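Below is one structure, written out as structure tokens; the observations come after it.
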Amino acid sequence: MSEDLISKEKKFHQLNKELKQKAYNLVAKIDYAVNTYNNECSVFNSRKYNNVNLTKEKTVFSNSIMMQTESNFKVLVKQNSSLPQIFDQFSTLKSTLESKKDNENEVFKERNLANKTVLNFLKAKIDILHNELQSMQIEYKKKCDICKNLDSENKKVEIKLKAEIESLKEIITKLENTNKELQCQSQTLNTENLTLKKKQMKIIDHQSNSYITRLNRSLENNDKLKNALKNFEVEEKELKTQIRKLQEDKKLTINYLGKQLSELIQVFKKQMLIVDNLKKQNTTLSSKIHKNYNIEQNPFSNIMPRTIVQESEEVKDSSKTKTAAVKDFNLLSFGKEAEEDDEESVILNKKFSAVEPPGPPNKKRKKVCNSDWESDDKVVMKATVGDIESELWAKETSRTSRNFIQLCMDGYWYNSIFHKIIKGFITHGGDSTGIEEVGKIYGEPFKARLHDNFRTRLRSCGRGLIAMANAGEDDNGFQSYFTLSCTPYL
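Its first residue numbered 1, the sequence shown is counted upward by one per residue in UniProt numbering.
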């Protein structure tokens, strides 16, 4: 608002200057016209004066006498001249003067007419300019009033601006004070940040040094592991070649055992034929000598058990010479430590039990069972930490022990874990799938119940016993567990 008022005021000042300039130019033109008129009058009078001077000079030169008449013109009179001559001169001069006056009057009239026309023109122009001047003065008065109003408004605006400026100055002082306080706070914060940065830099330097040392160690370990990996790869290749050789040997042994089995079957058939013949002979002899001999003292009754015992001894001898050795096979192993062993093997010495003759009473039977414990199957399981040696009750648990041995040979538990460890109770393992379903090799369920003597004799009465864990009664699904304490209720 104030800027608009100032611009309007400047415009009014410019208009005032222009009006003053126009008035000055008008006055100058009027002065010029008046001066021209005065100059023309002065020129005319000067001419008259010049003529009079010439006559004076002539009179002086000729020692003449000047005379002044009523009509205010001068007459030259020579000395020693007569009166008629003087009158003649006077008449001639009078005529000449009258003629000159007439001429001058005519010229003066013409000039007066021209001057009148100029004066009329100038008067008309003066009137026009006077009217313009009056209109301009009226406009000037109006603009002066507007300027006064604008000045009053400008003063009001200046008062408001002064008040605003004072308020702004107060605000500026407050802001300067707050700025100074903030600068002080920022300086304190900068100092604190610098100290914290220095501390952090020190900590980071220590950490970086430690990380660098760890990196160097890890790089060294990586190099060692790479070298070990290369060695393991070489060993793995060698082991693969050994496994191939063992598989070939296994195939050869299997073929050899198959041949022996076929031979044994043929021998068994022959023996069965002999037994049939002996039975027939026994029936015929028993019918003839029924009165003199009893059935227990008959020599033909002892032939059957003797032949059966001989056959069982032959089977035992053949089983002793034939052991299945499987190298590089890990049972219930964890990670890579079990794979790094050079000679990892599970030796399964299966001894086929012979058919026994009718045994003695209970006391002798217990001794026989103790001998069976010593001659039962032994299994060595390679784990990541040490070996697990276990003995199986093959006679009392023939099917379950056969199931366990077959699972070991087929590699069901390779690289599996003990998935359930209960402190003071059991460690449960043998689940290679992770869903607790493994170990079915017979296809159909079988009855694993034992007679009452076995149930009373074989119980979990100590630490370190191995047992089967099935999904239910008469189930051939197999997982194993080791007892960690006495658990007779299992």
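Using N, Cα and C, we set each Cβ at its ideal position, and we do this for glycine too.
Remember, it's a predicted structure, so these values are computed and weren't measured experimentally.
Sheet register partners of residue i (DSSP bridge)
i, result
"residue 136", "Note: residue 136 sits in no beta bridge, so no partner."
"residue 270", "Residue 270 pairs with nothing; no bridge assigned."
"residue 223", "Answer is none; residue 223 lacks a bridge partner."
"residue 387", "382"
"residue 481", "428, 467"
"residue 421", "427"
Whole-angstrom distance between residue j and residue i, CA atom to CA atom
i, j, result
"residue 213", "residue 193", "29 Å"
"residue 129", "residue 26", "8 Å"
"residue 142", "residue 15", "12 Å"
"residue 158", "residue 151", "10 Å"
"residue 271", "residue 259", "18 Å"
"residue 171", "residue 164", "10 Å"
"residue 226", "residue 237", "16 Å"
"residue 418", "residue 250", "30 Å"
"residue 228", "residue 218", "15 Å"
"residue 105", "residue 28", "31 Å"
"residue 429", "residue 479", "6 Å"
"residue 30", "residue 137", "20 Å"
"residue 120", "residue 36", "15 Å"
"residue 174", "residue 201", "39 Å"
"residue 487", "residue 396", "20 Å"
"residue 393", "residue 240", "34 Å"
"residue 416", "residue 243", "21 Å"
"residue 286", "residue 263", "34 Å"
"residue 183", "residue 191", "12 Å"
"residue 409", "residue 465", "21 Å"
"residue 224", "residue 231", "10 Å"
"residue 169", "residue 161", "12 Å"
"residue 203", "residue 180", "34 Å"
"residue 215", "residue 205", "15 Å"
"residue 166", "residue 8", "27 Å"
"residue 211", "residue 222", "16 Å"
"residue 98", "residue 92", "10 Å"
"residue 284", "residue 265", "28 Å"
"residue 278", "residue 289", "16 Å"
"residue 185", "residue 145", "58 Å"
"residue 267", "residue 256", "16 Å"
"residue 178", "residue 189", "16 Å"
"residue 233", "residue 420", "34 Å"
"residue 261", "residue 400", "24 Å"
"residue 103", "residue 127", "35 Å"
"residue 376", "residue 407", "Because the pLDDT of residue 376 is 49, which lies under 50, any placement of that residue in the model is unreliable, and the number read from its coordinates should be weighed accordingly. For residue 376 and residue 407, the distance between alpha carbons rounds to 18 Å."
"residue 254", "residue 282", "40 Å"
"residue 116", "residue 149", "48 Å"
"residue 100", "residue 107", "10 Å"
"residue 197", "residue 156", "58 Å"
"residue 252", "residue 389", "28 Å"
"residue 195", "residue 187", "12 Å"
"residue 403", "residue 235", "32 Å"
"residue 275", "residue 463", "49 Å"
Proximity winner among the options, relative to residue i (alpha-carbon distances)
i, options, result
"residue 147", "13, 417, 425", "13"
"residue 422", "483, 257, 281, 36", "483"
"residue 20", "133, 116, 429, 424", "133"
"residue 398", "18, 464, 468, 388", "468"
"residue 22", "257, 466, 407, 135", "135"
"residue 114", "33, 223, 203", "33"
"residue 39", "403, 125, 234, 111", "111"
"residue 11", "140, 24, 96", "140"
Assumed close pair residue i, residue j - CB separation to whole angstroms, cut-off 8 Å
i, j, result
"residue 481", "residue 405", "That belief does not hold up - the Cβ atoms of residue 481 and residue 405 are roughly 17 Å apart, past 8 Å."
"residue 154", "residue 5", "5 Å"
"residue 378", "residue 391", "5 Å"
"residue 424", "residue 485", "5 Å"
Curious, which full-length alpha helix (DSSP H) runs of at least 4 residues does the region 163-195 contain?
none
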